[in-house]
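A.B. asks: Encoded as structure tokens, here's the structure I'll be asking about.
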Amino acid sequence: MTEDGQEHLLSASRNLRDLLADSSIPADVREELEADYQQVEAMTEKLARGEIHLAVFGKVSAGKSSLLNALVGKAVFSVSPLHGETRQAQTARWDEGQAGGVHLIDTPGINELDGEQREKLAFEVAERSDLVIFVLDGDISESEVNAMRIVTEAHRPVIAALNKTDRYTPEEQAQLLTALRERCRDLVKPENIVPVAASPRPQLVVTVDENGLETESQRLREPQIQQLKERIWRVLEAEGKTLAALNAALFAGKLTDQVAARMVKARRQIAEKVLRSYSLTKGVAVALNPVPVADLLAAAALDVALVVQLSRVYGLPMGRHESGKLLATIMGQLAALMGAVWGVNLVSSALKTVSVGLSVAVTGMAQGALAYYATYLVGRSAEAYLVNGKSWGSNGPKQTVRAILDSLDRTSILADARDQISSRLKSASR
Ligand SMILES: Nc1nc2c(ncn2[C@@H]2O[C@H](COP(=O)(O)OP(=O)(O)OP(=O)(O)O)[C@@H](O)[C@H]2O)c(=O)[nH]1
Ligand SMILES: [Mg+2]
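Here it is, written out as structure tokens:
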């Protein structure tokens, strides 16, 4: 990057927040943009922390602790055939294991006797959870239904797991599932009631050798939790929390190609949201307050915050300094490649000074759309670097940025930008 460019980058070290503090932007527009911006920030912060609170709940000895162990793939929680293994010391002191961003919340079993305490527990579990797995080991009792109702009324998604299916024949299992789906039909979607075997008993195998001699041996069996994992996944996806779950150890053990592909897709979707939100904010700010042409490129380089956010989405968090350096590299490439675009901008800017009759809104809009486009390009380039594990790869920054520039349909992005900017301005002034 040229000396000049560096200087622009430094002199224009305002971020979105500063742009939004600009008094030339109407207060109501600023408010709306600020809300968008905060939403995106909160989203990526949560992502960076990757927090999912996943609780099990259900009656004593249903296999709650066993199920959590099966999910993490190791014996984190204490399991026992005795009722009440997980103690209800204090409701605040639940045995809580943390596995790479997934907080697994083990809870003491609810018993049939103490109704009031049961409700309190159900409520507290729900409060702390993003998702509750209600563990059953047979038909559901009235008190279990009530506890489940409390959780769903707290608007927490519930998946019911019918555990210990190794103890049932396939027919029994099917009957039980049908009965459960019927009894819980106003609380849990049928597809969210799944069979599992968290800790199936070893299978007794009898072998007979050629002499007719029988030997008995035990064959250990793996937990059957695939269907449950799939549902957890779906529910978190619907809740917009897939990525946090994907990042977490819960699924890390079995990072199949399919999982990897979904991860890429989920990240791209979130990154696109972040990109669009920043581009729009920038576009609106510039449309309302057109900056001198020479500053426009630098103004695009302001988006350190955007790069910081993107780095979180890709699980490779970068600070402002590192993001700033990456931006300088990208801007250097864009400055060289985008002569034509800035030429267009020059024209619109020239129009503004020459033709007095031309409304500011028109030129402002043209500049705003360009600022949107520039921010979008910067973001996509930063994204490419992040996708590649913080590297430009063998292509280097020049070819990478050029490939992005070539792959994007400038006309339609600019049209989009104009649409979005004007509708944002309209909705704010209503
Ligand atoms: N056959 C069979 N037994 C299981 C299965 N899952 C758990 N168990 C057994 O059920 C018993 C209770 O398991 P836990 O995981 O301690 O149950 P819990 O719900 O945490 O119990 P509390 O903490 O006492 O409320 C243990 O003996 C487990 O080995 C399963 O899939 N099949
Ligand atoms: Mg337990």
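Each step along the sequence shown adds one to the number in the numbering used here, with nothing skipped, and position 298 is 1507.
By construction, the Cβ of each residue, glycine as well, lies at the ideal position given by its N, Cα and C atoms.
(1) Between 1573, 1350, 1381, which lies nearest to residue 1634 when the distance is taken from Cα to Cα?
(2) Helix, strand or coil for residue 1596? Go by DSSP, reduced to three states.
(3) Around the C-beta of residue 1503, are 16 or more other C-beta atoms found within 10 angstroms, so that it is buried, or is it exposed?
(4) With 16 as the cutoff for other CB atoms within 10 Å, does residue 1384 come out buried or exposed?
(5) Need the endpoints of the alpha helix (DSSP H) that residue 1613 sits in, please.
(6) Is it the case that the Cβ atoms of residue 1359 and residue 1392 are separated by a distance below 9 Å?
(7) What is the rounded straight-line gap between the Cα of residue 1428 and the Cα of residue 1410?
(8) From residue 1375 to residue 1414, what distance separates their C-alpha atoms?
(9) Do you know offhand how far residue 1431's Cα is from residue 1412's?
(10) Rounded to whole angstroms, what's the CA-CA distance from residue 1528 to residue 1517? Just pull it up for me.
(11) Residue 1394 to residue 1485, Cα distance in whole Å?
(12) So what does DSSP say about residue 1286, is it helix, strand or coil?
(13) Please go through the region 1326-1408 and give each complete beta strand (DSSP E) segment of 3 or more residues, from N-terminal end onward.
(14) Which class does residue 1260 belong to by DSSP, given the choice of helix, strand or coil?
(15) Where residue 1390 and residue 1354 are concerned, what is the direct C-alpha to C-alpha distance, given to the nearest angstrom?
(16) Closer than 8 Å to a non-hydrogen atom of ligand 1 - does that hold for the CB of residue 1398?
(17) Quick one: what's got a C-beta closer than 8 Å to residue 1535's C-beta in the same chain, skipping five residues either side?
(18) CB residue 1342 to CB residue 1319, shorter than 9 Å?
(19) Is residue 1343 close to ligand 2? I mean its beta-carbon at under 8 Å from any heavy atom of the ligand.
(20) Is any non-hydrogen atom of ligand 1 found closer than 8 Å to the C-beta of residue 1365, if you look at the structure I gave you?
(21) Under three-state DSSP, which class holds residue 1543?
(22) For residue 1428, name the three-state secondary structure that DSSP assigns.
(23) Counting C-beta neighbours from all protein chains within 10 Å, is the total for residue 1291 16 or more, i.e. buried, or is it exposed?
(24) Just how far apart, CA to CA, sit residue 1314 and residue 1278?
(25) Is residue 1272 near ligand 1, in the sense that its beta carbon is under 8 Å from a heavy atom of that ligand?
(26) To the nearest angstrom, how far is the alpha carbon of residue 1596 from that of residue 1523?
(27) Tell me whether residue 1522 counts as near ligand 2, meaning its Cβ is closer than 8 Å to at least one heavy atom of that ligand.
(28) Can you determine whether any heavy atom of ligand 2 sits closer than 8 Å to the C-beta of residue 1287, and answer yes or no?
(29) For residue 1622, which residues from the same chain have a beta carbon less than 8 Å from its beta carbon, with the 5 sequence-adjacent residues on both sides left out?
(30) Based on DSSP bridge pairs, tell me the residues matched to residue 1416.
(31) DSSP three-state call for residue 1314: helix, strand or coil?
(32) For ligand 1, I want to know if residue 1538 counts as a neighbour, meaning its beta carbon is within less than 8 Å of at least one of the ligand's heavy atoms.
C.D. replies: If we stick to the structure as given:
(1) 1573
(2) Three-state DSSP puts residue 1596 in a helix.
(3) Low per-residue confidence applies at residue 1503: pLDDT is 46, beneath 50, and the placement is therefore not dependable enough to give any value.
(4) Its Cβ having fewer than 16 others within 10 Å, residue 1384 is exposed.
(5) 1605-1616
(6) no
(7) Rounded to whole angstroms, residue 1428 to residue 1410 spans 9 Å at the Cα level.
(8) 15 Å
(9) 11 Å
(10) 6 Å
(11) 40 Å
(12) coil
(13) Every unbroken stretch of the beta strand (DSSP E) spanning 3 or more residues and falling wholly within the region 1326-1408 is given here in chain order: 1340-1345, 1367-1371, 1402-1404.
(14) coil
(15) 12 Å
(16) No; taking the cut-off as 8 Å, the Cβ of residue 1398 has no heavy atom of ligand 1 nearer than that.
(17) 1516, 1527, 1591, 1594
(18) Their beta carbons are not under 9 Å apart, which means residue 1342 does not touch residue 1319 by this criterion.
(19) no
(20) no
(21) helix
(22) Reduced to three states, the DSSP call for residue 1428 is strand.
(23) exposed
(24) Cα atoms of residue 1314 and residue 1278: separation of roughly 11 Å, rounded to the nearest angstrom.
(25) Because some heavy atom of ligand 1 lies under 8 Å away, the Cβ of residue 1272 counts as near it: yes.
(26) One C-alpha to the other measures close to 7 Å.
(27) no
(28) yes
(29) 1581, 1582, 1585
(30) 1424
(31) strand
(32) no
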